[in-house]
Amino acid sequence: AQSVTQLDSHVSVSEGTPVLLRCNYSSSYSPSLFWYVQHPNKGLQLLLKYTSAATLVKGINGFEAEFKKSETSFHLTKPSAHMSDAAEYFCVVRGSSASKIIFGSGTRLSIRP
Amino acid sequence: DSGVTQTPKHLITATGQRVTLRCSPRSGDLSVYWYQQSLDQGLQFLIQYYNGEERAKGNILERFSAQQFPDLHSELNLSSLELGDSALYFCASSSRTSGDQETQYFGPGTRLLVL
Numbered sequence: 045a046q047s048v049t050q051l052d053s054h055v056s057v058s059e060g061t062p063v064l065l066r067c068n069y070s071s072s073y074s075p076s077l078f079w080y081v082q083h084p085n086k087g088l089q090l091l092l093k094y095t096s097a098a099t100l101v102k103g104i105n106g107f108e109a110e111f112k113k114s115e116t117s118f119h120l121t122k123p124s125a126h127m128s129d130a131a132e133y134f135c136v137v138r139g140s141s142a143s144k145i146i147f148g149s150g151t152r153l154s155i156r157p
Numbered sequence: 025d026s027g028v029t030q031t032p033k034h035l036i037t038a039t040g041q042r043v044t045l046r047c048s049p050r051s052g053d054l055s056v057y058w059y060q061q062s063l064d065q066g067l068q069f070l071i072q073y074y075n076g077e078e079r080a081k082g083n084i085l086e087r088f089s090a091q092q093f094p095d096l097h098s099e100l101n102l103s104s105l106e107l108g109d110s111a112l113y114f115c116a117s118s119s120r121t122s123g124d125q126e127t128q129y130f131g132p133g134t135r136l137l138v139l
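In structure tokens:
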């Protein structure tokens with residue numbers, strides 16, 4: 045069985061400071077892992093994905109995530125937050141078929157001026 | 025803009041009614057996925073179609089059904105609506121059905137309110 049846990053429902057950082065959004069997963073086989081961002085009243089946009097190639101994955105808008113198998117984690121980071129980063133972020137684990145797509149509960153990122 | 029379009033943007037209806045949500049995938053994409061996002065259940069995968077055929081099923085209720093037409097657009101039919109069906113329904117498309125290279129592109133969603 046697969047599962048995904050986003051450890052923080054809400055993260056608030058100051059503009060220009062680093063961002064860390066935490067995601068732990070559970071999977072009985074090597075999963076594909078994704079981070080999506082959802083801005084208010086918008087659809088989901090893919091930030092980055094891990095598919096068993098490089099463990100450090102670079103995405104759009106300066107985000108990156110590191111796959112750590114020993115810790116079953118796939119945390120999302122960004123060195124310097126921007127006001128436009130304020131949104132909801134979803135960590136997603138996917139198995140061998142679409143029926144095994146599991147979304148995390150989401151982390152709302154707020155940016156303080 | 026992802027290239028995936030969904031209509032209508034908003035839908036208000038009453039319990040017991042039936043509605044149809046429409047999705048047009050990105051040009052060239054053969055796979056269409058439907059998702060439901062609600063406050064209590066979060067984001068859930070409902071169903072996937074690939075080139076007109078059902079490919080995978082998730083947590084889709086029996087009152088819900090979907091199909092993909094020859095022009096690759098898809099419709100999600102929700103019947104005997106209940107208050108708890110109020111949610112944001114997303115469609116996503118991709119060029120593949122599965123595999124490491126698959127990337128899903130999401131539409132803006134249809135917000136359904138059942139009164």
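Just so you know, the sequences run in chain order F and A.
Count along the first sequence starting at 1, add 44, and that's the number in our numbering.
Count along the second sequence starting at 1, add 24, and that's the number in our numbering.
Ideal Cβ positions, reconstructed from N, Cα and C, are used throughout, including at glycine.
Residue contact with chain F for residue 138/A: absent (no Cβ-Cβ distance below 9 Å to any residue of chain F). For the options 48/A, 52/A and 26/A, the alpha carbon positioned closest to that of residue 99/A is the one of 48/A. Within 10 angstroms of the beta-carbon of residue 67/A lie 16 or more other beta-carbons, which makes it buried. A residue is called buried when at least 16 other Cβ atoms come within 10 angstroms of its Cβ; residue 53/A meets this threshold and is buried. Straight through space, the alpha carbons of residue 68/F and residue 91/F are spaced by roughly 17 Å. A contact is defined here as three or more CB-CB pairs under 8 Å, and the region 73-89 of chain F meets this definition with respect to the region 130-150 of chain F. Pairing residue 96/A with residue 81/A gives a Cβ-Cβ distance that is not under 9 Å. Look at the region 71-91 of chain A: the residues with a C-beta under 7 Å from a C-beta of chain F are 72, 79, 80, 81 and 82.
Identification of chain F residues near residue 132/A by a Cβ-Cβ cut-off of 9 Å yields 85, 86 and 87, ordered along the chain.
The alpha-carbon of residue 101/A is positioned some 21 Å away from that of residue 145/F.
Of 58/A, 130/A, 137/A and 32/A, the smallest CA-CA separation from residue 85/A is found for 58/A. Looking from the CA of residue 82/F, the closest CA among 58/F, 110/F, 60/F and 131/F belongs to 131/F.
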